[in-house]
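232 is the number that my numbering gives to position 162 of the sequence shown; each next residue is one higher, with no gaps.
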Amino acid sequence: MATVKAIDKSSVHRICSGQVIVDLSTTIKELVENSLDAQATSIEVRLKNHGLELIEVIDNGIGIPGQNYEFLALKHHTSKLSCFEDLTAIESFGFRGEALSSLCALSKLTVITSTEEQAPSGRKLEYDANGRLAKTIPTARERGTTVIVQRLFESLPVRQKEFKRNVKREFAKALTLLQAYGIISEDVKITCTNQTGRSERITILTTSGNKSIRENFANIFGAKQLPQVMAIDFQLNTESERLTMVDAIERDDNSQMEAVIQVISKVFNEVYKTYNSNQLPFVVADIRLAKSRYDVNVSPDKRTIFVHDEKKIVDVMKNQLIKAFEPFRSTFSVNNN
Ligand code: ADP
Ligand code: MG
């Protein structure tokens, strides 16, 4: 009988990393969230060959101080959380310290960064597959951070082949995700560009750092869509807890309907259907709940979250939605005929 032994550390690291960084979208999501956590007001996602060759996220955030260079790509190393109790008060997107460490195991990771004090000089940091700092090179850099991911999934050949085969679909999925961050991030300019081969770099998406979700929406989907957009502002329990929905009624496919909380899209679809059965709704839901009410630590990508009193929130939502749509009942039924 074969002996039970421990798998070597770097294999374990690679296996686990493939669960944190699943595809192009999760890579971009993690890097953009890091930039948002660093209070960036401008974030550029620059891809080469739709991300197959290069994914670069450039921000103007607070930068990384020298004492963190050595640790930032090590597994479970984070500047955002130090003990379990902090988790209930966490304000940042990240806190698990897994993204950069995983990217090291799956690609070639380089970081260029500078803080307010260091600018206009900065450091270029190169990391090895285990997340150890391999090289520090002085370089010019304004305040902010650039994270460079080269040859994603090179160390997971099957995954890399899949990525190559589905690159257009992966890219489209990543764009949908960026659109969501573009809409929801007030006062942050988000841009995405791609260069294929030697052809010219093309801007795929850009917002202008607007103050409101409505304006971001217009940037992304075109101002033409705005008149059809209806904003529904809900008061949930307290002043700080709210749910804003932006609904564009003229959409006839629901490919964008990737709600973070599926329950919410279900409620929305149900209510909407009773007023307008011809079209599918397009919804942007901006839900703000008190920190003590939810737990995002269910899966690494935080796509599943536990919400305390979920049913109560959903009920409030449903009632408010019915109220909001009531005045449009006749309009919709005329349209439907
Ligand atoms: P987490 O976000 O959970 O802390 P990451 O692996 O994504 O883990 O990042 C590790 C650390 O690297 C962060 O805690 C932060 O200190 C630093 N970091 C990563 N990206 C940036 C960035 N764009 N700007 C400033 N600091 C960053
Ligand atoms: Mg992070």
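For every residue, glycine included, the Cβ atom is placed at its ideal position computed from N, Cα and C.
- Taking every residue with its beta carbon within less than 6 Å of a heavy atom belonging to the ligand MG gives, in chain order, Glu100, Glu103, Asn104, Gly164, Ala169.
- Apart from sequence neighbours up to five positions away, the residues of its chain that approach Leu245 with a beta-carbon distance below 8 Å are Cys262, Ile274, Leu275, ordered along the chain.
- For Val115, the CB stays at least 7 Å from every heavy atom of the ligand ADP.
- With distances taken between CA atoms, Gly131 lies nearest to Thr185 out of Thr185, Thr96, Asp365, Val90.
- Listed in chain order, the non-local C-beta contacts of Glu114 below 6 Å within the same chain comprise Ile128, Thr261, local neighbours out to five positions each way being set aside.
- Following the DSSP letters along the chain, one finds Asp385 inside the alpha helix (DSSP H) bounded by residues 380 to 395.
- Residues Ser184, Ala210, Arg211, Glu212 of the same chain have their beta carbon placed closer than 8 Å to that of Pro190, with the five preceding and five following residues left out of the count.
- The beta carbon of Lys178 sits no closer than 7 Å to any heavy atom of the ligand ADP.
- For the ligand ADP, no non-hydrogen atom lies closer than 7 Å to the CB of Gly252.
- For Ser162, same chain residues with a beta-carbon under 6 Å away, outside a window of 5 residues either side, are Asp107, Lys150 in chain order.
- With a cut-off of 8 Å on Cβ pairs, the region 221 to 235 is not in contact with the region 251 to 261, counting fewer than three such pairs.
- Annotation for Ala108 indicates a beta carbon within 7 Å of some heavy atom of the ligand ADP.
- Judged by beta-carbon spacing, Phe223 lies beyond the 8 Å limit of His120, meaning their Cβ atoms are not closer than that value.
- For Phe291, there is no enclosing beta strand (DSSP E); the residue is found in the alpha helix (DSSP H) stretching over 283 to 291.
- Excluding the 5 residues flanking it on each side, Val337 has same chain C-beta neighbours closer than 8 Å at Val384, Met387, Lys388, Leu391, in chain order.
- As a beta-bridge residue in DSSP terms, Thr216 pairs with Ile128, Ile182.
- Ranking Arg235, Glu187, Asn200 by CA distance to the CA of Ser87 puts Asn200 first.
- Between Arg193 and Ile207, the C-beta spacing is below 8 Å.
- In this structure Ala143 is buried. Its beta-carbon is surrounded by 16 or more other beta-carbon atoms within 10 angstroms.
- Across the structure, Leu203 and Val299 are spaced so that their CA atoms are roughly 49 Å apart.
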